[in-house]
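A short worksheet on the structure shown next.
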Amino acid sequence: MTQILSIQNILKKASFSTDMKESQRVMWEEERYTDGSKWRFLEHKGPVFAPPYEPLPDKVRFYYDGKPMKLSAPAEEVATFFAKMLDHEYTTKDIFRKNFFKDWRKEMTSEEKSKITDLNKCNFSDMNEYFKAQSEARKQMSKEEKQKIKEENERLLQEYGFCIMDNHKERIGNFRIEPPGLFRGRGDHPKMGMLKRRIRPEDIIINCSKDSKHPKPPPGTKWKEVRHDNKVTWLASWTENIQGSIKYIMLNPSSRIKGEKDWQKYETARRLKKCVDRIRNQYRDDWKSKEMRIRQRAVALYFIDKLALRAGNEKEEGETADTVGCCSLRVEHIKLYPKMDDQEYVVEFDFLGKDSIRYYNRIPVEKRVFKNLQLFLENKQPEDDLFDRLNTSILNKHLQELMDGLTAKVFRTYNASITLQQQLKELTSDDSIPAKILSYNRANRAVAILCNHQRAPPKTFEKSMQNLQTKIDEKQNQLSAARKQLKAAKADHKASHDDKSKKAVEVKRKAVQRIEEQLMKLQVQATDREENKQIALGTSKLNYLDPRISVAWCKKCDVPIEKIYNKTQREKFAWAIDMAEKDYEF
DNA sequence: GAATGGACTTGAACAAATTACG
DNA sequence: CGTAATTTGTTCAAGTCCATTC
Numbered sequence: 005m006t007q008i009l010s011i012q013n014i015l016k017k018a019s020f021s022t023d024m025k026e027s028q029r030v031m032w033e034e035e036r037y038t039d040g041s042k043w044r045f046l047e048h049k050g051p052v053f054a055p056p057y058e059p060l061p062d063k064v065r066f067y068y069d070g071k072p073m074k075l076s077a078p079a080e081e082v083a084t085f086f087a088k089m090l091d092h093e094y095t096t097k098d099i100f101r102k103n104f105f106k107d108w109r110k111e112m113t114s115e116e117k118s119k120i121t122d123l124n125k126c127n128f129s130d131m132n133e134y135f136k137a138q139s140e141a142r143k144q145m146s147k148e149e150k151q152k153i154k155e156e157n158e159r160l161l162q163e164y165g166f167c168i169m170d171n172h173k174e175r176i177g178n179f180r181i182e183p184p185g186l187f188r189g190r191g192d193h194p195k196m197g198m199l200k201r202r203i204r205p206e207d208i209i210i211n212c213s214k215d216s217k218h219p220k221p222p223p224g225t226k227w228k229e230v231r232h233d234n235k236v237t238w239l240a241s242w243t244e245n246i247q248g249s250i251k252y253i254m255l256n257p258s259s260r261i262k263g264e265k266d267w268q269k270y271e272t273a274r275r276l277k278k279c280v281d282r283i284r285n286q287y288r289d290d291w292k293s294k295e296m297r298i299r300q301r302a303v304a305l306y307f308i309d310k311l312a313l314r315a316g317n318e319k320e321e322g323e324t325a326d327t328v329g330c331c332s333l334r335v336e337h338i339k340l341y342p343k344m345d346d347q348e349y350v351v352e353f354d355f356l357g358k359d360s361i362r363y364y365n366r367i368p369v370e371k372r373v374f375k376n377l378q379l380f381l382e383n384k385q386p387e388d389d390l391f392d393r394l395n396t397s398i399l400n401k402h403l404q405e406l407m408d409g410l411t412a413k414v415f416r417t418y419n420a421s422i423t424l425q426q427q428l429k430e431l432t433s434d435d436s437i438p439a440k441i442l443s444y445n446r447a448n449r450a451v452a453i454l455c456n457h458q459r460a461p462p463k464t465f466e467k468s469m470q471n472l473q474t475k476i477d478e479k480q481n482q483l484s485a486a487r488k489q490l491k492a493a494k495a496d497h498k499a500s501h502d503d504k505s506k507k508a509v510e511v512k513r514k515a516v517q518r519i520e521e522q523l524m525k526l527q528v529q530a531t532d533r534e535e536n537k538q539i540a541l542g543t544s545k546l547n548y549l550d551p552r553i554s555v556a557w558c559k560k561c562d563v564p565i566e567k568i569y570n571k572t573q574r575e576k577f578a579w580a581i582d583m584a585e586k587d588y589e590f
């Protein structure tokens, strides 16, 4: 309770606002509650369901064992899910095929079931061609047809894409129900290929306020339930059939409820900044503890702090891909090197983290940490837990005692934001705007590397790099040509000393200058792109970097905010754009 | 405490829209 | 102007963390 109250007080003091009028801002402040409720009034139109299945035209055939076969509608629908994915690597994977086939058979009639017994004898290529042709046809549609679709989408957005929460019209994040399809788990997921069933109104729980106009279910259907729970922020939910977890319809990041939460997150990280030295001293001390659980806790916290690792909750074995975070690291995920090249006490990490993204890092650690790790590894098998006396619950309980509201993920936020701030200070030159933006991207990149935000190198990367290089070469040729011309013009002017030739010199000088700038811009672009090959900047920008740092930097360096944040990002960070001055310190 | 459920944030992949280019 | 490259937006899976129950 004290925690909630203190947050409320912070909210009140800091005049949280976007581009609202003063009167509205006061209203916002009055709308914040101390009892854990999230809203007083909530009205919306309910979700938009996936369009019903449209059977294939008869000419599109499915072949079993070389012979055409007409499928019942339910079996055909599931078959189309597979047919659409034929070019995808998924359909070559054993688990995917096995899971798909098992679930597909459940949708078959008994005749189909007895006939179709081997997926390898199924030929979906005709269906696959059909869908390719369809999407090609969609691309070839006339301007008018495309415009019509766009207008229909816009109408749907206007009708279902917004809700009223308290006194504001807010954008909904995901108002469409997920369509049925084949589950695409990441990495080695044991459930990949399973059928994600179609969601019906009878599966949906609606959440809205009692005194609002309740959303109407589609004709002839009913909601599973209509409830009025203002302790939560979601508008609708349903239970998904793959993991049995709940999915939600929630508001867009631009909404008050998400913005305030985001702001709180950064305020918590700033509070960590004030006491991080104390906490670091504490865990360094704990490396010497006579209790094993405390040493483990302290080493794990060191990793979370230094390497920005995720907490690492336990996962149910066999239900998901085998991935780990800090607390769930196993012996097989680290290697210890007392000496490596010219460094001492090197730890090599190699494991699959969230989304089965590989984390690989070699890092020298302090001797005490190294000795502790050796101790933790004693008498263990590769598949044993590295921190056998620790889990995220224990760790977070400890962190809560060190600072109000502190959890493992706050370190990620804190280290990301503080790194951006430091890097911006270090890297920013008083150069041209493109050079400043390169500096910003480099600072952003340092954070993305810290957080291990990777992306698959774009398919066309090599080619686009080459194209850019060609352009640079061309520009260089242009430049030397322009310089020659300038020289000639100067000589001409020296000879004639007339106004006309003087003007010509000026014109040529300008031309050289322009080309130099263009060349510079291209070179900067090439550097930026090369450095960004496998790094994804978006995730840290959206989730880890206190936007006020970026806003302040833009103001200080005279960089228009539009160069850093696009429209959506400006909407999400409206509160920060409004709040931060050029001297803002994280 | 361990297991489970629930709510919410984070994350890469993919699709659509927009911009750059020949 | 049409096409290709790039950026922006959407999707939905996969985490974190907290509350509840036994």
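Counting in the numbering used here, the first sequence runs from 5 upward without gaps.
Glycine included, C-beta positions come from ideal geometry on N, C-alpha and C.
Between the region 281 to 294 and the region 195 to 215, are three or more C-beta pairs nearer than 8 Å?
No: the two stretches stay apart, fewer than three of their Cβ pairs being nearer than 8 Å.
Would you mind reading off the limits of the alpha helix (DSSP H) that contains residue 241?
Premise fails: residue 241 lies in the beta strand (DSSP E), 240 to 243, not in any alpha helix (DSSP H).
Here's a check: name, in chain order, each residue in its chain whose Cβ is nearer than 6 Å to the Cβ of residue 57, leaving out the five neighbours to either side.
Excluding positions up to five away in sequence, the list reads 81.
With 16 as the cutoff for other CB atoms within 10 Å, does residue 444 come out buried or exposed?
Buried.
For the structure I just gave you, are there three or more beta carbon pairs, one from the region 154 to 171 and one from the region 37 to 53, closer than 8 Å?
Output reads yes: the region 37 to 53 touches the region 154 to 171.
Using a 10 Å radius around the Cβ and a threshold of 16 neighbouring Cβ atoms, would you call residue 615 buried or exposed?
Past the edges of the chain, shown from 5 to 590, lies residue 615, and the structure says nothing about it.
Report the partner residues of residue 169 according to the DSSP bridge assignment.
Looking at the DSSP assignment, residue 169 forms a beta bridge with 46 and 172.
Express the C-alpha separation of residue 526 and residue 422 in angstroms, rounding to a whole number.
Their backbone Cα atoms lie some 30 Å apart in a straight line.
Report yes if the C-beta distance between residue 86 and residue 96 is below 9 Å; otherwise report no.
It is not a contact, given that the beta carbons lie outside the stated cut-off.
Cα separation between residue 493 and residue 483?
Approximately 15 Å, taken between the alpha carbons.
For the alpha helix (DSSP H) containing residue 365, list its first residue and its last residue.
That residue, residue 365, is in no alpha helix (DSSP H); its beta strand (DSSP E) goes 362 to 368.
When DSSP labels each residue in this structure, what does residue 342 get in the three-state scheme?
Strand.
Would residue 501 be called buried (16 or more neighbouring beta carbons within 10 Å of its own) or exposed?
Residue 501 comes out exposed.
Could you round the C-beta distance between residue 288 and residue 394 to whole angstroms and report it? I think they count as a contact, below 8 Å.
Actually they do not touch by this definition, with Cβ atoms about 17 Å apart.
Whose C-beta lies closer than 6 Å to the C-beta of residue 350 among residues of the same chain, with five residues either side of it excluded?
Around residue 350: 341, 344, 366 and 368.
Go through the region 532 to 576 residue by residue and report every complete run of the alpha helix (DSSP H) that reaches 4 residues or more, in order.
542 to 547, 551 to 561 and 571 to 576, all fully within the region 532 to 576.
For residue 242, tell me which candidate among 375, 53, 218 and 559 has the shortest Cα-Cα distance.
For residue 242, the nearest C-alpha among the options comes from 53.
For residue 279, is the classification buried or exposed, using 16 other Cβ atoms within 10 angstroms of its Cβ as the cut-off for buried?
Per the 10 Å Cβ criterion, exposed.
Which same chain residues, not among the five before or five after residue 561, have their C-beta less than 7 Å away from its C-beta?
Around residue 561: 432 and 440.
How far does the alpha helix (DSSP H) with residue 306 in it extend, from its first residue to its last?
Segment 296 to 311, the alpha helix (DSSP H) holding residue 306.
Given residue 99, which residues of its chain have a CB within under 6 Å of its CB, disregarding the five upstream and five downstream residues?
Contacts found: 196.
Among 411, 332, 359 and 347, which residue has its Cα nearest to the Cα of residue 388?
The option with the nearest alpha carbon to residue 388 is 332.
What does the Cβ neighbour count give for residue 210, buried or exposed, with the cut at 16 atoms within 10 Å?
Buried: at least 16 other Cβ atoms inside 10 Å.
Rounding to the nearest angstrom, what Cα-Cα distance links residue 363 and residue 476 in this structure?
The alpha-carbon atoms of residue 363 and residue 476 are separated by roughly 35 Å.
Can you say whether residue 414 is buried or exposed, counting buried as having 16 or more other CB atoms within 10 angstroms of its CB?
Looking at its Cβ environment, which holds 16 or more other Cβ atoms inside 10 Å, residue 414 is buried.
Can you list, in chain order, the stretches of the alpha helix (DSSP H) that have 4 or more residues and sit fully within the region 386 to 417?
Within the region 386 to 417, the complete alpha helix (DSSP H) runs of at least 4 residues are 396 to 406.
What span of residues does the alpha helix (DSSP H) with residue 289 cover, start to end?
Where residue 289 is concerned, the enclosing alpha helix (DSSP H) stretches over 260 to 290.
Between the C-alpha atoms of residue 76 and residue 131, what's the straight-line distance to the nearest angstrom?
If you take the alpha carbons of residue 76 and residue 131, they lie about 15 Å apart.
Cα separation between residue 320 and residue 557?
The alpha-carbon atoms of residue 320 and residue 557 are separated by roughly 44 Å.
DSSP has residue 356 in a bridge; who is on the other side?
DSSP lists 362 as partners of residue 356.
Would you mind sorting residue 542 into buried or exposed? The rule is 16 or more other CB atoms within 10 Å of its CB.
Its Cβ having fewer than 16 others within 10 Å, residue 542 is exposed.
Please go through the same chain and pick out, in chain order, the residues whose beta-carbon is closer than 7 Å to the beta-carbon of residue 410, but skip the five residues on each side of it.
276, 403 and 404.
Where do the ends of the beta strand (DSSP E) carrying residue 71 lie?
Note, residue 71: beta strand (DSSP E), 71 to 73.
Can you tell which of 233, 335, 420 and 437 has its C-alpha closest to the C-alpha of residue 1?
Absent from the structure is residue 1, since the part of the chain shown begins at 5 and ends at 590.
Exposed or buried, residue 189, counting other C-beta atoms within 10 Å across all chains shown (16 or more means buried)?
It is buried - the Cβ of residue 189 has at least 16 other Cβ atoms within 10 Å.
Do the region 566 to 585 and the region 255 to 267 meet, that is, are 3 or more Cβ pairs less than 8 Å apart?
Yes, since at least three Cβ pairs between the region 566 to 585 and the region 255 to 267 fall closer than 8 Å, the two stretches touch.
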